[in-house]
Amino acid sequence: MMVDLRSDTVTQPTPAMREAMLAAPLGDDVFGGDPSVNALQEKIAGLLGFEAALFVPTGTQSNLCAILSHCQRGDEYIVGQMAHCYRWEGGGAAVFGSVQPQPLNHQPDGSLALADIEAAIKPDDAHFARSRLLALENTLGGKLLPFEYVQQATALAKSKGLDRHLDGARLFNAAVAQAAQTGGNPCPAAGPSQGGAAPAGGSDPHEVGERGGDIFAEARRIAQCFDSVSVCFSKGLGAPVGSALCGSREFIARAHRIRKMAGGGMRQAGMLAAAASHALDHHVGRLAQDHALARHLADGLAGIQGLEVEVPQTNIVFVDLTGAARAQSAALLKHLASQGIEATGLYRLRFVTHLDVDAAGVDRAVAAIRQFFKAK
Ligand SMILES: *Cc1c(COP(=O)(O)O)cnc(C)c1O
62 MMVDLRSDTV TQPTPAMREA MLAAPLGDDV FGGDPSVNAL QEKIAGLLGF
112 EAALFVPTGT QSNLCAILSH CQRGDEYIVG QMAHCYRWEG GGAAVFGSVQ
162 PQPLNHQPDG SLALADIEAA IKPDDAHFAR SRLLALENTL GGKLLPFEYV
212 QQATALAKSK GLDRHLDGAR LFNAAVAQAA QTGGNPCPAA GPSQGGAAPA
262 GGSDPHEVGE RGGDIFAEAR RIAQCFDSVS VCFSKGLGAP VGSALCGSRE
312 FIARAHRIRK MAGGGMRQAG MLAAAASHAL DHHVGRLAQD HALARHLADG
362 LAGIQGLEVE VPQTNIVFVD LTGAARAQSA ALLKHLASQG IEATGLYRLR
412 FVTHLDVDAA GVDRAVAAIR QFFKAK
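Sequential numbering from 62 applies to the sequence shown in the numbering used here.
Here is the structure:
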């Protein structure tokens, strides 16, 4: 059995999700007539407290639709150097929208310093692009942005007349981590319903939805600081395809036009929407298991000479190779691959937990890494 820790995008739809996809009533969504797409859009908008939502094929297209709906040609958006909608989307906002990014360096916790944001907002002067939008990402590199910071940064942007967009590809991971901090106990591994202490215990790890309530409340608390929010269904939620962009009715109408221009008008998309809807019903509560397994992985790697393990807040573990171990990076990945374990990175390795990884898989990864360094 492969243990694929490259990304939480690698998950296969569960049998129950496939059934939901097959059973979905379908129509032509370009005519607005796909009942499953319409139901998903209403559901995610309602869950996050927005008037409307738009189902899109990818998170990249969702961010593109958002930025081009907030900004005109010659406007700019303030964004982090490592933000997906700046660094990892081919420069789409600039290419397709003539919208200029103003990237800022991140603080160690992933935030953009308030003073840096304020200093980056340009006065209304013919020399400058028009500062129009602040785009944040939560989680960023697996890190939860502190909620107080989110409130302060978005309030600052609003006070300066900027719109606020959240790339919440992993918003529900953020919500799980935040719920744990604010005293809620959304962790199924620690809850009585699971009846066991093992991180991925329980008879059916895919169907732990009963704790979802706290998490949706936290997700909504984060989302409501923003004018628009993009969420991915194809990451930790385990759907094969799809993201949603949420906002006001008027904003979503603009985004709808841009989705069409970007070639994102899909026809009987209800099969995909049904998978996303199933994920919202069944795969949100279980994200805490991914987080517990990520900690389990990090704990297992602690103390190995040459590895600096970042304590994970959610489902992503970064491991830096230092000193002599740096030269071993490629050999380590090869050794892991030979044992059916996949990860990404070079000197900074990334391991992502998700619903197709269990405790036994994580234990195998830990054992293989320990064995590699022992043999050196
Ligand atoms: C994956 C991801 C996206 C884009 O998703 P795609 O569906 O791969 O286009 C956007 N933002 C963040 C933070 C992501 O992790």
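Where a beta carbon is used, it is the ideal one built from N, C-alpha and C, also for glycine.
Determine the DSSP secondary structure at residue i, reduced to helix, strand or coil.
i	result
F433	helix
T405	strand
G151	coil
C126	helix
C293	strand
C132	coil
Q97	The displayed chain sequence assigns Ser, not Gln, to residue 97. In the structure shown, S97 sits in a helix (DSSP, three-state: H, G or I).
Q255	Only weak support is given to the placement of Q255: the predicted model assigns it a pLDDT of 33, under 50, and the value that follows is read from those uncertain coordinates. Q255 falls in the coil class under three-state DSSP.
H317	helix
G141	strand
K204	strand
R387	helix
G346	coil
I276	helix
G146	In the sequence as presented, Gly is not what sits at residue 146; that position holds Cys. Helix.
D424	helix
A305	strand
F111	coil
H167	coil
S338	helix
I443	Missing from the structure shown is residue 443; the chain here goes from 62 to 437 and no further.
A412	The amino acid at residue 412 is misidentified as Ala; the sequence shows Phe. If DSSP states are grouped into helix, strand and coil, F412 belongs with the strands.
R67	coil
R281	helix
V237	helix
With 16 other CB atoms within 10 Å as the buried threshold, where does residue i fall?
i	result
H131	buried
K296	buried
L407	exposed
E209	exposed
E80	exposed
V91	exposed
P118	buried
G135	exposed
S123	buried
M82	buried
P76	exposed
H188	exposed
D186	exposed
When the distance is taken between beta carbons, is residue j closer than 9 Å to residue i?
i	j	result
S291	D224	no
L66	E371	no
T200	T375	yes
G325	C126	yes
L438	L393	Any property of residue 438 remains undetermined from this structure, which presents the chain solely from 62 to 437.
V378	V418	no
E150	G171	no
A300	H352	no
H415	S68	yes
P96	G88	yes
F433	Q389	yes
With respect to 8 Å, is the separation between the Cβ of residue i and the closest non-hydrogen atom of ligand 1 below this value?
i	result
L407	no
C146	yes
A230	yes
C293	yes
G171	no
T383	no
K296	yes
Q122	yes
T414	no
E150	yes
T70	yes
S289	no
L201	yes
S399	no
T75	no
T119	yes
Sufficient close CB pairs (3 or more, under 8 Å) joining the segment 330–345 to the segment 151–167: No contact exists between the segment 330–345 and the segment 151–167.
Hey, is the segment 359–370 in contact with the segment 412–431, meaning 3+ C-beta pairs nearer than 8 Å? Note that the segment 359–370 touches the segment 412–431; at least 3 beta-carbon pairs, one per stretch, sit closer than 8 Å.
Tell me, please, whether the segment 334–341 touches the segment 84–101 by the rule of three or more beta-carbon pairs shorter than 8 Å. Result yes; three or more Cβ-Cβ pairs closer than 8 Å.
Report yes or no: do the segment 158–173 and the segment 341–351 share at least 3 C-beta pairs separated by less than 8 Å? Result no; under three Cβ-Cβ pairs closer than 8 Å.
With three or more beta-carbon pairs closer than 8 Å as the criterion, would you say the segment 307–319 touches the segment 275–291? Taking a cut-off of 8 Å on C-beta distances, the segment 307–319 touches the segment 275–291, as three or more cross pairs fall below it.
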